[in-house]
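What follows is a single structure, written as structure tokens, with notes after it.
Number of protein chains: 2
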Amino acid sequence: MPNNQFKRGELYSFMTGKASTAIARRLQKNFKQAGIDITVEQWSVLYHLWKQDGMSQQELCNATFRDKPSITRLVDNLEKQKLVKRVASKDDRRMNLIYLTDDALKLEIQTMELANTTLNEALEGVSSEKISICKEVLQIVYDNLK
Amino acid sequence: MPNNQFKRGELYSFMTGKASTAIARRLQKNFKQAGIDITVEQWSVLYHLWKQDGMSQQELCNATFRDKPSITRLVDNLEKQKLVKRVASKDDRRMNLIYLTDDALKLEIQTMELANTTLNEALEGVSSEKISICKEVLQIVYDNLK
DNA sequence: GGCATATAGTTAGTTATGCAACTAACCAAA
DNA sequence: TTTGGTTAGTTGCATAACTAACTATATGCC
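See below:
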């Protein structure tokens, strides 16, 4: 027995992700205004490389919840912009290890600040408790479906 | 003073919309399995037309939180699939009013059931109270940024 | 060693998104 | 009524997504 029943279309905006679209758009706008010329999708890849440099493309797929072709193209574009480099792994020549360039390292602090600013804009007027619950729910949704 | 400060990247998945991506993907998969050949984006347009047929493209932009070119192309594709028709407004010839075809009317019940199923899959194990709070937070985020 | 299978990544084709620039129609003020 | 601004929609370009099919390398079993 499902533990929730919804009225017709009640959770439409939940499903269609208007909130996350709005956040992504605002973050993109904030990047642009700061003169930072990367897409939010590219940023999400850099984000994981800042945490751990030299990940393989497959690891980036898992981390960013994207499929392999998407990561191929994102890395293509990041490489064009000289933000990352593909390096063939010596252990397993099927793998590309992705390394940040100095240019990309310089972007970390500034973009993380912009991300924080964006979230503060988004969550203005929401209590920490509610944010926490919301985050928890979204995590469960992700785990249920991934 | 912002009322929330986040640890570095703490809300990454909040920002990048993994949960809504996962829901959209699952809904798409459920459509496909049921033999329904529309994209979730197309469904989101049909959704609003089921509530109110004959909306203009601009109204669909506002309703679906998309820009005008996106709606132009979605309506193009829906028209190709014979699910909607563009009808020039008599009052204002700049406007196209978008009307559902019989084929599209037939899809409503089945796809709304699939949407419900998908949401139940997504929200399995989450209490109604938490869902309610999460929905409220997402609405505020949307209102803050739109 | 050799073959089947699995894994990492790329390529091709379709759909979707965002921005900018454009056309057409409407409207209001001179 | 003409001029100038606004609104509705389209088109072009770049990026991104998913699916399916592909190449190349690795691995495991005989």
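Order-wise, the sequence lines are chains A and B.
Position 47 (the first sequence) corresponds to 1019 in the working numbering; numbering is contiguous.
Position 80 (the second sequence) corresponds to 1052 in the working numbering; numbering is contiguous.
Glycine residues also receive a C-beta, built at the ideal position from the N, C-alpha and C atoms.
| Query | Result |
| --- | --- |
| Collapsed DSSP secondary structure at N975 (chain B) in the structure displayed | Bear in mind that the predicted position of N975 (chain B) carries a pLDDT of just 43, short of 50, making it too unreliable to give a figure here. |
| Residue nearest to A1006 (chain B) in terms of C-alpha spacing, selected from B:L1055, B:H1020, B:T1089, B:V1056 | B:T1089 |
| Anticipated Cβ contact below 8 Å, M987 (chain B) with L1091 (chain A), distance rounded | 7 Å |
| Cα-Cα separation, I995 (chain A) to I1081 (chain B) | 31 Å |
| N1068 (chain A), buried or exposed, once every other Cβ within 10 Å from all chains shown has been counted against 16 | buried |
| Supposed close pair L1086 (chain B), L999 (chain B) - CB separation, criterion 8 Å | 7 Å |
| Euclidean distance between Cα positions of W1022 (chain A) and L1077 (chain A) | 7 Å |
| N1002 (chain A): contacting residues in chain B (beta-carbon distance under 7 Å) | Those within 7 Å of N1002 (chain A) in chain B number zero; the least Cβ separation is about 11 Å. |
| Unbroken stretches of the alpha helix (DSSP H), 4 residues or longer, contained in the segment 1011–1048 of chain A | 1012–1023, 1029–1036 |
| Exposure of K1062 (chain B), with buried meaning 16 or more beta-carbon neighbours within 10 Å | exposed |
| CB contact below 8 Å: A1006 (chain B) versus chain A | no |
| Residue burial classification, S1016 (chain B) (beta-carbon count within 10 angstroms, cutoff 16) | buried |
| Residues of its chain near C1033 (chain A), where Cβ-Cβ distance is below 6 Å and the 5 sequence neighbours each way are ignored | K1040, I1043 |
| Same chain, Cβ closer than 8 Å to E1093 (chain B), five either side skipped, listed in chain order | R998 |
| is_contact[A1076 (chain B), chain A] using C-beta, thresh 8 Å | no |
| Close Cβ partners of Q1014 (chain A) (< 7 Å) along its chain, the five nearest in sequence each way excluded | L1046, N1049, L1050 |
| Beta-carbon separation (whole angstroms), G989 (chain A) vs S992 (chain B), contact threshold 8 Å | 3 Å |
| CB contact check: N1034 (chain A) to chain B, cutoff 8 Å | no |
| Chain-ordered neighbours of T1083 (chain A) on chain B, where CB pairs are closer than 9 Å | Those do not exist, as T1083 (chain A) stays about 10 Å from chain B at its closest Cβ, beyond 9 Å. |
| Inter-residue spacing [alpha-carbon to alpha-carbon] between L1079 (chain B) and T1036 (chain B) | 19 Å |
| Close-in-space but distant-in-sequence residues of the same chain around M1027 (chain B) (CB under 8 Å, 5 per side omitted) | H1020, L1021, A1035, L1069, I1070 |
| C-beta atoms of V1098 (chain A) and I1008 (chain B) nearer than 8 Å | no |
| Nearest residue (CA-CA) to Q1029 (chain A), options A:D1064, A:E1101, A:T1083 | A:D1064 |
| Alpha-carbon to alpha-carbon, V1109 (chain A) and Y1114 (chain B) | 17 Å |
| Alpha carbon of N1002 (chain A) to alpha carbon of S1100 (chain A), nearest angstrom | 24 Å |
| Residue nearest to K1057 (chain B) in terms of C-alpha spacing, selected from B:E1031, B:L983, B:E1096, B:D1025 | B:D1025 |
| Test item: CB-CB of K1107 (chain A) and L983 (chain B) under 8 Å | yes |
| Inter-residue spacing [alpha-carbon to alpha-carbon] between A1060 (chain B) and R1066 (chain B) | 7 Å |
| Sheet register partners of I995 (chain B) (DSSP bridge) | Per DSSP, none; premise fails for I995 (chain B). |
| Residues within the segment 1080–1105 of chain B neighbouring chain A, beta-carbon criterion of under 9 Å | M1084, A1087, N1088, T1089, T1090, L1091, N1092, E1093, A1094, L1095, E1096, G1097, V1098, S1099, S1100, E1101, K1102, I1103, I1105 |
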